[in-house]
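Step one of this worksheet: look at the structure below.
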Amino acid sequence: MKRIKTSSLMLLFTGIAFIAVAFINYTSAAKSNNNKVADVEGKGFALVELFTSEGCSSCPAADELVAKVEREVGDKPVYILAYHVDYWDRLGWKDTFSNAAYTRRQKQYAGWLNLSQIYTPQIVVNGKTEFVGSQEAALRKAVNAGLQAGGGAQLSLMALRNAGNTATIRYKLEGGAASSSEVLLLALVQKQAVIKVKSGENGGRTLAHTQIVRNLQSLPLSKSDGTTTVSLPAGFDPGNWELIGFVQNTANGAVSGASKTNFK
Numbered sequence: 236m237k238r239i240k241t242s243s244l245m246l247l248f249t250g251i252a253f254i255a256v257a258f259i260n261y262t263s264a265a266k267s268n269n270n271k272v273a274d275v276e277g278k279g280f281a282l283v284e285l286f287t288s289e290g291c292s293s294c295p296a297a298d299e300l301v302a303k304v305e306r307e308v309g310d311k312p313v314y315i316l317a318y319h320v321d322y323w324d325r326l327g328w329k330d331t332f333s334n335a336a337y338t339r340r341q342k343q344y345a346g347w348l349n350l351s352q353i354y355t356p357q358i359v360v361n362g363k364t365e366f367v368g369s370q371e372a373a374l375r376k377a378v379n380a381g382l383q384a385g386g387g388a389q390l391s392l393m394a395l396r397n398a399g400n401t402a403t404i405r406y407k408l409e410g411g412a413a414s415s416s417e418v419l420l421l422a423l424v425q426k427q428a429v430i431k432v433k434s435g436e437n438g439g440r441t442l443a444h445t446q447i448v449r450n451l452q453s454l455p456l457s458k459s460d461g462t463t464t465v466s467l468p469a470g471f472d473p474g475n476w477e478l479i480g481f482v483q484n485t486a487n488g489a490v491s492g493a494s495k496t497n498f499k
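Counting along the sequence shown from 1, when you hit position 95 you're at 330 in the numbering used here, and nothing is skipped either side.
See the structure below:
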């Protein structure tokens, strides 16, 4: 009788252990799936705009997060832009890539999104959703929502290098009529850079940056196709640069289409 009870207890504990392991595996798989950019079909996209600064101690976490997502998305239509604002420059370290134009762009988003102030790190997705740039769950949720959305304008780009430090950009917009309330923005993007910060809140740290916007120019969309010219920096290396374009409504900031191209 005692042997039967012992066997029964062993079977019971084994069953409990099996159920516990199965539950842990299921929970881990669910968390893993929630933390990944969705595999979706369709015409959705996600334009991720990060406002950051080398002078801000909370910004490196956001820089690392967008770099992680950039590595993960592969060929999905996810376009990442990192704008280095200039309002931290007076507080001990001048950001290597800062530009007052990017601060003005962030202030423009504050108006579109009814925000009382600007801050870093901040992320805006598709011109509609904003949150603290280091919030991974919020970023993945917004990116997946953008990918799963349908419709929108289909933008195609081609960048042809000229003799000298310029490139000719050809663009074509399909699936959306050219509108006086929309503009085409073209961002010249440096894919990677590593900077040693010597002072300020990140003094002594070596920071890795990704998808750095080095120039942003706006074109009116009076027609659905055309050409323009962008300037290229001295020593331009096409392997570390790309062009990201997107269509934005100037009344509310909504982005209706985006694309990217390498330089030929």
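Note that beta-carbon positions come from the ideal geometry of N, C-alpha and C, so glycine has one too.
Span of the alpha helix (DSSP H), counted from its first residue to its last, around residue i
| i | result |
| --- | --- |
| L300 | 294 to 308 |
| G381 | 371 to 383 |
| T331 | Looking at the DSSP string, T331 is not in any alpha helix (DSSP H), and its letter there is neither H nor E. |
| K516 | Absent from the model: residue 516. The displayed extent of the chain is 236 to 499, so no value can be given. |
Proximal residues to residue i (C-beta, below 7 Å), its chain only, five neighbours per side dropped
| i | result |
| --- | --- |
| N397 | T403 |
| T331 | E289, I430 |
| V490 | L282, N361, G362, F481, V482, Q483 |
| K342 | I353 |
| S267 | Its pLDDT being 41, under 50, S267 is placed unreliably by the model, and the measurement read from it follows with that caveat. Once the five neighbours on either side are set aside, S267 has no close Cβ partner at all. |
| Y322 | T338 |
| G461 | Y406 |
| A252 | Because the pLDDT of A252 is 40, which lies under 50, any placement of that residue in the model is unreliable, and the number read from its coordinates should be weighed accordingly. Cβ within range, chain order: n/a, list empty. |
| D324 | G290, D330, S333 |
| A428 | H444, I447 |
| A296 | S369 |
| A265 | Confidence is the limiting factor: at A265 the pLDDT is only 40, short of 50, which leaves the residue's position unreliable, though a coordinate-based value still follows. The answer is none, since no qualifying residue turns up. |
Proximity to residue i [Cα-Cα], best of the options
| i | options | result |
| --- | --- | --- |
| Q452 | S459, Q446, T463 | T463 |
| R375 | G327, A302, E409 | A302 |
| G480 | K407, H444, G381 | K407 |
| S415 | A388, D298, A394, S457 | S457 |
| F471 | A297, L454, L423 | L423 |
| G474 | A297, L300, Q446 | Q446 |
| L382 | D310, D324, L420, Q357 | D310 |
| L467 | G387, S369, F498 | F498 |
| K329 | P312, A443, V432 | V432 |
| T364 | D460, K495, L285, S459 | L285 |
| R340 | D324, Q357, H444, G327 | Q357 |
| D298 | L442, E417, A380 | L442 |
| A469 | E417, T496, G399 | G399 |
Residue range of the unbroken beta strand (DSSP E) whose run includes residue i
| i | result |
| --- | --- |
| T462 | 460 to 466 |
| V490 | 490 to 496 |
| L408 | 401 to 409 |
| Y318 | 313 to 319 |
| E436 | It is not in any beta strand (DSSP E) - E436 carries neither H nor E in the DSSP assignment. |
| Q452 | 441 to 455 |
| G327 | Taken as a continuous stretch (DSSP letters only), G327 belongs to no beta strand (DSSP E), as it is neither H nor E. |
| G480 | 476 to 484 |
| L212 | As shown, the chain starts at 236 and ends at 499. That puts residue 212 outside it, with no answer to give. |
Cutoff 8 Å; reference residue i; Cβ partners in own chain excluding five residues on either side
| i | result |
| --- | --- |
| A255 | Summary for A255: the model assigns pLDDT 39, below 50, so the residue's position carries little reliability; its value from the coordinates is reported in the next sentence. Here the set comprises nothing. |
| S292 | E436, N437 |
| G492 | F280, G387, A388, Q389, L390, L408, G410, G411, F481, V482 |
| T401 | T464, V465, S466, L467 |
| F366 | Q357, I358, A373, L374, A377 |
| S351 | A345 |
Distance CB(residue i)-CB(residue j) smaller than 7 Å
| i | j | result |
| --- | --- | --- |
| N484 | W347 | no |
| T338 | V359 | no |
| G279 | A388 | no |
| T287 | A317 | yes |
| R440 | Q425 | no |
| S369 | L300 | yes |
| L421 | S494 | no |
| V378 | V313 | yes |
| L419 | L454 | yes |
| G327 | S459 | no |
Sheet register partners of residue i (DSSP bridge)
| i | result |
| --- | --- |
| I358 | L285, F366 |
| Q425 | I447, W476 |
| L419 | L454, V482 |
Cut-off 6 Å between Cβ atoms - residues of its own chain near residue i, not counting five sequence neighbours on either side
| i | result |
| --- | --- |
| T355 | F286, T287, S288, C291, C294 |
| E371 | L300 |
| I315 | V283, V301, E305, Q446 |
| N269 | Note on N269: pLDDT 49, under 50, position unreliable in the model; the coordinate value appears next. So the list is empty, once near-sequence residues are dropped. |
| E417 | L456, V482, N484 |
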